[in-house]
Amino acid sequence: MKYTIKQVKKEFLNFFEKNGHTIIKNSSIIPENDDSLLFINAGMAPIKNVFTGQEQPDSKRMCNLQICIRTNDIDSIGDRHHLSSFCMLGSWSVGDYFKKEAVAFAYDLLVNHLKIPKEKLYATVFGGDKTRGLPADTDSGNFWQDMGIAKNHILNCSFEDNFWRMGDGESPCGPCTEVFYDTGDKHGKSYEETGYFDDKKRYIEIWNAGVFMQYLQTEKGTYEKLPFNSVDTGSGIERLVMTLNGYESVYQTEVYAPIINHILANSDKAKDESVRIISDHIKTSVLILNAGIEPSNVKRGYVLRRLLRRAMRHLRNINAKEGLLEELVAKTIDNLIECDIAPEWNYSKDQIVEKVKLEQEKFSKLLENGLKVFEEFVSNKNNITDGKLNSNLVFKLYDTFGFPFEITKELANEHNLSVSEKEFEELFAEHKENSKGDVGKVFKSGLADINDNTIKLHTATHLLHAGLKKFLGQNVNQKGSNITPERLRFDFNFERKMTAEEVQAVEDFVNNIINQKIEICREEMPYDLAKESGAVGLFSSKYGENVSVYTIGSFSKEICSGPHAKNTKDLGRFKITKEESSSAGIRRIKAVLQ
Ligand code: GLY
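Just remember that this note's numbering sits 53 ahead of the position in the sequence shown, which is counted from 1.
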């Protein structure tokens with residue numbers, strides 16, 4: 054039997070209603086009276102004040118289905134299960150039941166009602182975070198075992214993976230327990246065989262079965278105890294339907310399949326990834342346009358522009374027939390209504406199609422010219438330093454040719470080149486001071502957000518870079534970096550997956566330097582002297598220009614604008630949490646300080 058979106062929605066809501074939950078109205082995707090978010094990104098976001106006691110809930114037990122927009126994962130779109138918009142099935146206990154009942158509800162719905170064999174399920178729980186003073190959640194793992202989930206199917210995870218909050222601003226938050234579904238051997242080796250939990254391909258998260266809200270994350274990034282404990286759960290219905298039906302990807306669900314088929318029928322060189330990106334981005338654009346946002350260069354309008362223009366570029370890549378974009382927009386609207394996702398929403402179809410057409414007219418000329426200019430830029434070696442395209446040109450493509458940063462980044466990656474988001478943002482801030490844009494927040498990159506944690510992670514990045522060079526070869530170079538208060542992300546050129554031994558060696562190398570308590574020294578010197586002294590140069594500075602150089606003992610010397618920690622001892626313990634492919638020839642490491 055095939056499950057439909059409608060059936061699963063009904064099953065979920067009926068289940069929670071029978072267990073005393075009131076079905077509450079869903080909200081627009083635009084947050085009301087809340088500047089901390091660009092878009093509603095979880096079912097709890099519109100009701101976040103009930104968890105702090107500032108507002109009274111309709112009931113102590115609630116559930117609903119909420120359309121959510123998440124553009125932070127935009128680089129992952131095109132894989133099996135990431136989407137920039139999806140429908141979240143949510144359920145809540147506000148100061149009512151807590152972990153035990155939440156785990157029992159999740160198990161009962163998945164195993165007894167939706168008939169998922171328990172052997173296919175894995176649960177992750179929060180392993181604690183000493184530096185933040187947050188204890189491990191040992192209860193949830195025990196409750197999963199009591200329900201019948203085997204001990205070796207329960208994993209302890211980091212703050213980054215299993216401590217949920219709405220974003221970086223003020224938000225109720227807490228440790229969470231997530232349920233993953235094993236999609237089997239054809240999607241990679243098992244966790245048992247490798248000791249590595251491959252949540253990118255084989256194990257798909259189907260339900261955040263409980264954020265155990267006990268804290269309020271403040272603007273400063275501290276955690277204050279909430280007056281009472283609550284539970285917040287969220288499950289993407291597209292992933293659940295994919296899993297229940299044994300589909301390869303979310304794109305086989307009825308939300309996307311008719312759109313994908315229409316693209317395939319109207320293109321003579323359709324590539325899987327492009328087709329997925331097109332259908333995903335058009336759907337999210339329709340939802341944003343329907344909420345009354347227009348394409349622009351700031352905030353929500355810029356997210357919309359970025360999605361539409363990226364879809365347009367991919368349509369060009371697959372040689373789509375003339376007029377296909379408008380057809381897809383109209384079809385997407387019909388299909389959203391057909392799927393009964395948010396039936397109470399009204400779509401002004403003609404207006405939405407018109408707005409997309411207008412944006413397309415603006416962009417198509419720019420695209421032709423911009424692509425030519427891009428090719429000229431990259432064919433001139435002077436524009437490339439250490440595999441990185443000159444940031445002034447990246448900015449020019451944005452400013453003069455209307456290329457959202459992501460398009461240039463994507464094009465650069467296709468040429469095995471990197472681009473610097475941080476430098477782009479700096480140029481953006483310089484040139485657009487008056488536009489009051491919020492792009493920095495949207496990109497959330499580099500060290501835009503400077504605080505103690507990001508500074509320490511930045512220093513750890515230098516040590517990681519040195520370790521990778523030591524164990525993988527001196528020709529390994531940084532190709533990108535993104536630091537949030539929770540973790541660092543580091544891209545570098547390397548042709549294959551690192552072995553577990555190599556990952557361990559690099560991790561040990563960094564921790565060894567941390568344990569040696571080495572002072573970090575900063576010096577100013579002319580760029581050419583810095584280069585001559587062996588400093589790793591990541592910026593395309595001009596000869597003669599003064600640059601700052603950060604040295605960590607004999608281990609690392611980098612041209613860098615900082616800021617950095619004073620001493621390696623401040624860093625705590627360094628842990629690599631992921632090593633994965635980023636794009637052709639580029640690997641990506643995520644790491645945390647514990
Ligand atoms: N609010 C829980 C989640 O989005 O995972």
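Every residue, glycine too, gets a C-beta built ideally from N, C-alpha and C.
Using only CA atoms, which one of the options lies nearest to residue i?
{"i": "Glu555", "options": "Gly638, Asp88, Asn530, Gly520", "result": "Gly520"}
{"i": "Gly526", "options": "Asn282, Ile76, Glu548", "result": "Glu548"}
{"i": "Tyr160", "options": "Leu541, Lys584, Phe69", "result": "Phe69"}
{"i": "Ile290", "options": "Glu307, Ile83, Ser243", "result": "Glu307"}
{"i": "Ser287", "options": "Gly299, Thr275, Asn261, Leu269", "result": "A small fix is needed here, since residue 287 is Gly in this sequence, not Ser. That would be Asn261, whose Cα lies nearest to the Cα of Gly287."}
{"i": "Leu297", "options": "Lys168, Gly354, Asp190, Gly625", "result": "Lys168"}
{"i": "Gly643", "options": "Arg540, Gly606, Ser586", "result": "Going by the sequence as given, residue 643 is Lys instead of Gly. Checking every option, the nearest Cα to that of Lys643 belongs to Arg540."}
{"i": "Ser144", "options": "Ile130, Val103, Met97", "result": "Met97"}
{"i": "Val294", "options": "Gly263, Tyr234, Arg255", "result": "Tyr234"}
{"i": "Val589", "options": "Phe104, Asn530, Asn282", "result": "Asn530"}
{"i": "Leu174", "options": "Ser243, Pro188, Ser146", "result": "Ser243"}
{"i": "His515", "options": "Met551, Leu480, Cys574", "result": "Cys574"}
{"i": "Gly73", "options": "Asp252, Lys322, Ala155, Gly131", "result": "Ala155"}
{"i": "Ile335", "options": "Glu272, Ser302, Lys408, Gln267", "result": "Lys408"}
{"i": "Lys410", "options": "Glu467, Ile316, Arg362, Val447", "result": "Arg362"}
{"i": "Ile316", "options": "Met365, Trp197, Gln270", "result": "Met365"}
{"i": "Lys584", "options": "Glu611, Leu424, Lys239", "result": "Glu611"}
{"i": "Asn504", "options": "Ile259, Gly131, Ile536, Glu479", "result": "Ile536"}
{"i": "Ser283", "options": "Lys374, Arg114, His484, His135", "result": "Arg114"}
{"i": "Glu467", "options": "Ser635, Val645, Thr75", "result": "Ser635"}
{"i": "Glu231", "options": "Arg255, Gly201, Glu245, Trp197", "result": "Trp197"}
{"i": "Thr275", "options": "Lys78, Pro225, Ala157", "result": "Pro225"}
{"i": "Ala395", "options": "Met54, Tyr451, Lys78, His134", "result": "Lys78"}
{"i": "Lys153", "options": "Leu118, Gly194, Ser129", "result": "Gly194"}
{"i": "Ala203", "options": "Thr271, Pro170, Glu560", "result": "Pro170"}
Relative to the ligand GLY, is the shortest distance from any of its heavy atoms to the C-beta of residue i smaller than 8 Å?
{"i": "Asn261", "result": "yes"}
{"i": "Thr124", "result": "no"}
{"i": "Val264", "result": "yes"}
{"i": "Asp452", "result": "no"}
{"i": "Asp221", "result": "no"}
{"i": "Ala159", "result": "no"}
{"i": "Trp197", "result": "no"}
{"i": "Gly143", "result": "yes"}
{"i": "Gly287", "result": "yes"}
{"i": "Cys116", "result": "no"}
{"i": "Asn94", "result": "yes"}
{"i": "Cys210", "result": "no"}
{"i": "Cys229", "result": "yes"}
{"i": "Met97", "result": "yes"}
{"i": "Trp217", "result": "yes"}
In the DSSP assignment, what are the bridge partners of residue i?
{"i": "Pro84", "result": "In the DSSP output, where bridge partners are listed per residue, Pro84 has none listed."}
{"i": "Lys643", "result": "Arg542, Lys631"}
{"i": "Lys113", "result": "Lys113 pairs with nothing; no bridge assigned."}
{"i": "Cys226", "result": "Tyr268"}
{"i": "Thr286", "result": "Ser144"}
{"i": "Glu414", "result": "Paired residue(s): none; Glu414 is not in a bridge."}
{"i": "Glu611", "result": "Val589, Tyr603"}
{"i": "Thr438", "result": "Lys441"}
{"i": "Pro579", "result": "Asn599"}
{"i": "Glu258", "result": "Phe233"}
{"i": "Glu698", "result": "This structure cannot speak to residue 698, because the chain is shown only from 54 to 647."}
{"i": "Trp217", "result": "Gly227"}
{"i": "Leu208", "result": "Thr177"}
{"i": "Thr75", "result": "Met115"}
{"i": "Gln198", "result": "Looking at the DSSP assignment, Gln198 forms no beta bridge with any residue, so it has no partner."}
{"i": "Leu187", "result": "Asp182"}
{"i": "Gly533", "result": "Asp544"}
Using 8 Å as the cut-off, classify the Cβ of residue i as near or not near the heavy atoms of the ligand NAD, replying yes or no.
{"i": "Asn564", "result": "No copy of the ligand NAD appears in this structure; the ligands present are the ligand GLY."}
Exercise. Check whether the stretch 534-548 touches the stretch 633-641, counting contact only when three or more Cβ pairs, one atom from each stretch, lie closer than 8 Å.
Key: yes
Practice problem: Indicate whether the contact test is met: 3 or more Cβ pairs, each with one atom in the stretch 618-636 and one in the stretch 207-226, closer than 8 Å. | Solution: yes
Quiz item: Do three or more CB pairs link the stretch 369-384 to the stretch 400-408 at distances below 8 Å?
Solution: yes
Quiz prompt | Inter-stretch contact at 8 Å, needing at least 3 Cβ pairs: the stretch 434-443 / the stretch 455-475 | solution = yes
Quiz item: Between the stretch 216-227 and the stretch 77-93, do at least 3 Cβ pairs fall closer than 8 Å?
Solution: Verdict: yes, contact present.
Practice problem: Would you check if there are 3 or more beta carbon pairs closer than 8 Å linking the stretch 272-283 to the stretch 99-116? | Solution: yes
Quiz item: Are three or more beta carbon pairs between the stretch 366-379 and the stretch 346-357 nearer than 8 Å?
Solution: no
Quiz item: Looking at C-beta atoms only, is the number of pairs between the stretch 170-190 and the stretch 327-334 that lie closer than 8 Å three or more?
Solution: Short answer: they don't touch.
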